[in-house]
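In the UniProt record's numbering, the protein residues as written are 1 to 308.
Glycine included, each C-beta is placed from N, C-alpha and C at the ideal position.
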Amino acid sequence: MEQHYTNLFELVEFLKDEATAVKHLEELRWKGNRACPHCGNVKTYALKSGKYKCADKDCDEQFTVKVGTIFEGSKVPLKKWFIAIYLLTSHKKGVSSHQLARDLKVTQKTAWFMLHRLRFAFSNGSFQLLGDDKIVELDETFVGGKNKNRHLNKKVKNSQGRSFKDKTPVLGMLERNGLLTAKVVENTSAKVMQPIIIENVKSKSIIMTDEWGGYNKLERIFSHSFVNHGAGQYVIGNVHTNSIEGFWSQLKRSIFGIYHSASRVHLQKYVDESVFRYNTRKVGEGERMEMMLSLANCRLKYHTLIRK
């Protein structure tokens, strides 16, 4: 497909009007093979209203390209949506709802909902890390404020180290020089983490971890090497977890630097956002945006987002 833009200026120039934005989304979603989003039938026809209709009499539904996507039900013009996608995916640490509201001339509430719809789309992609002698680094981190920075009456007792009383654990799996996936987990026990690892990492992978007991006995399935951080070991030959630890730094700079905090309920969405940016770090801005749009075939309603 022809690349129409490689930067924000070219994107704004390309999206002359709403009709152009709609046509572009149709190209990206249907790739010349329009299909009914209700039943999947490829026999459809255009109506004078600008909508389309399914030719299957059992379905007979009308639709637009927005139906069944993160854009469905939104009154925000597609041009503004495209600009929001560009800003969120190209800015290294993301963009806040307050900043997006100013950039797009929408309310902060609208910008907040738009950003969460986009993060919901990030979770629509899935992949399995490669095996066949590939090195996969495993590590966990804890997201939450530092106890020492809290007011005296808000400090949480016994929250040091790997405690998750006031923090949320996240498990990361990163193929060295390759792709990454990360999951919010209930705790860092072997019972919780190892099924996730087995699901996402192929058995021929060479896994590298620290000495945490949650990784014990993984050598039954994988080739497993580790460094003992507690003993001051951080690199032994090519055995280390520095790559995944670098991603944790990026994730936390995004959450604390741009968003300031993320609740347990929404944390996975913020993690998915950072994972997407990491996995597309080597592609151009326009290509990254089109990859994001390819994930947009899902819908998030407001009452679902706020759990009402």
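Between the Cα of residue i and the Cα atoms of the options, which residue gives the shortest distance?
i, options, result
"residue 95", "255, 303 and 304", "255"
"residue 22", "80, 91 and 265", "80"
"residue 202", "9, 232, 44 and 129", "129"
"residue 134", "141, 301, 88 and 222", "222"
"residue 58", "113, 306, 39 and 278", "39"
"residue 42", "48, 49, 61 and 50", "61"
"residue 329", "281, 124, 261 and 113", "The structure shown does not extend to residue 329, since the chain is modelled only from 1 through 308, so no value can be given for it."
"residue 297", "5, 72, 17 and 51", "72"
"residue 5", "300, 301, 289 and 198", "289"
"residue 16", "265, 260, 82 and 54", "82"
"residue 263", "93, 210 and 144", "144"
"residue 220", "205, 47 and 186", "205"
"residue 237", "225, 118 and 218", "225"
"residue 75", "230, 113, 227 and 137", "113"
"residue 98", "279, 302 and 259", "259"
"residue 261", "214, 230 and 142", "142"
"residue 35", "68, 132 and 274", "68"
Check whether the Cβ atoms of residue i and residue j lie closer than 8 Å to each other.
i, j, result
"residue 104", "residue 25", "no"
"residue 182", "residue 271", "yes"
"residue 208", "residue 239", "yes"
"residue 11", "residue 86", "yes"
"residue 70", "residue 267", "no"
"residue 210", "residue 139", "yes"
"residue 305", "residue 116", "yes"
"residue 241", "residue 212", "no"
"residue 194", "residue 218", "yes"
"residue 199", "residue 192", "no"
"residue 111", "residue 100", "yes"
"residue 276", "residue 122", "yes"
"residue 37", "residue 63", "yes"
Check the C-beta distance from residue i over to residue j and give it rounded, since I have them as a contact under 8 Å.
i, j, result
"residue 174", "residue 243", "6 Å"
"residue 309", "residue 285", "Here the chain comprises residues numbered 1 to 308, so residue 309 is not present and cannot be evaluated."
"residue 53", "residue 45", "6 Å"
"residue 253", "residue 93", "6 Å"
Applying the criterion that 16 or more other CB atoms from any shown protein chain within 10 Å of the CB defines a buried residue, is residue i buried or exposed?
i, result
"residue 19", "exposed"
"residue 151", "In this prediction, residue 151 has a pLDDT of 45, which is less than 50 and means its spatial position is unreliable; nothing more can be read from the coordinates."
"residue 120", "buried"
"residue 107", "exposed"
"residue 66", "buried"
"residue 109", "exposed"
"residue 169", "buried"
"residue 88", "buried"
"residue 102", "exposed"
"residue 269", "buried"
"residue 265", "exposed"
"residue 184", "buried"
"residue 90", "buried"
"residue 47", "exposed"
"residue 315", "An answer regarding residue 315 cannot be provided, because it is not within the stretch 1 to 308 covered by the chain."
"residue 274", "buried"
"residue 84", "buried"
Any beta carbon of chain B sitting closer than 8 Å to that of residue i?
i, result
"residue 62", "Of the protein chains in the structure, only one exists, and it is not chain B."
Sufficient close CB pairs (3 or more, under 8 Å) joining the segment 283–297 to the segment 17–29: yes
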